[in-house]
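Report on one structure; see the data block that follows.
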Amino acid sequence: MLYRKGKLILTIMGICCVPMLSWAQTFLSGRVIDKKTNEPVAGASVYIRESQTGDNTDEKGLYKIKLSQSGTYLVEVSFIGYKTIKQSVPVDGSTMKNFLLEESSKVLNEVLVKASVQQAEINQIRKSPMAVTVVDGAKLRGRSSGIEEILSRTSGLKVRKS
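If you read the sequence shown in the numbering used here, its first letter stands for residue 16, the second for the next number, and so on.
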């Protein structure tokens, strides 16, 4: 008797749950591709403002966004070094939409990097209470040794290759 009741309850639950599984789900998916090279753009942002949802593309340039309902959405696709695309996309059920991103060419001004070291700072380091070894670049010029060999000659310093 108990076995029949359990079987009956499971059957009723199964009948009630099947319609929920058949409800259509709304997705927007597709690919983001470089217009010039036809290569996938990994890490591009695909965003829908109306639903405040989005996705980042994977290494194959693929994205998938789950939406609560069908409709027309303004999709924004962006990535560093590319022009941002804003496009209206009608979504009904499972919709596929690919985007072609164009490179953004911007000329930047010249950057000048300058470094200076004060002799007083060098002397202060040499006089510090901890052991400091200064490796003179002039003495190393003309040698074919690598950085590992140079550092291994410094006392108190061990370099391990992994």
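Glycine residues also receive a C-beta, built at the ideal position from the N, C-alpha and C atoms.
Could you please give the first and the last residue of the uninterrupted alpha helix (DSSP H) stretch that includes residue i?
i, result
"Asn138", "134 to 141"
Going by DSSP, what residues sit across from residue i in a beta bridge?
i, result
"Ser103", "Leu89"
"Ile11", "Since the first and last residues shown for the chain are 16 and 177, residue 11 lies out of range."
"Leu43", "Ile80, Thr110"
"Pro55", "Ile48"
Looking only at C-alpha atoms, which of the options sits nearest to residue i?
i, options, result
"Lys51", "Ser44, Glu118, Leu123", "Glu118"
"Leu55", "Ala135, Ser93, Gly96, Thr72", "For the sequence presented, residue 55 should be read as Pro rather than Leu. Out of Ala135, Ser93, Gly96, Thr72, Thr72 has the C-alpha closest to the C-alpha of Pro55."
"Asp70", "Gln84, Glu91, Val104", "Glu91"
"Arg46", "Tyr62, Lys79, Ile63", "Lys79"
"Ile63", "Asp49, Ser83, Tyr88, Gln40", "Tyr88"
"Lys98", "Glu164, Asp49, Ile162, Gly161", "Asp49"
"Glu65", "Asn53, Val106, Glu74", "Val106"
"Ser85", "Val104, Glu74, Asn53", "Val104"
"Met111", "Asn124, Val61, Glu163", "Val61"
"Gln67", "Ser83, Ser109, Ser167", "Ser83"
Would you grab the beta carbon distance between residue i and residue j for me? Rounded to a whole angstrom, and I think it's under 8 Å.
i, j, result
"Phe94", "Leu116", "6 Å"
"Lys101", "Gln40", "That pair is no contact at about 25 Å."
Tell me whether residue i is buried or exposed, calling it buried when 16 or more other Cβ atoms sit within 10 Å of its Cβ.
i, result
"Leu43", "buried"
"Gly58", "exposed"
"Gly96", "exposed"
"Gly76", "buried"
"Val132", "exposed"
"Val126", "exposed"
"Val122", "exposed"
"Val128", "exposed"
Tell me which residue opens and which closes the beta strand (DSSP E) that residue i is part of.
i, result
"Tyr78", "77 to 82"
"Ser119", "Looking at the DSSP string, Ser119 is not in any beta strand (DSSP E), and its letter there is neither H nor E."
"Asp182", "Outside the displayed span of the chain (16 to 177) sits residue 182, for which this structure offers no information."
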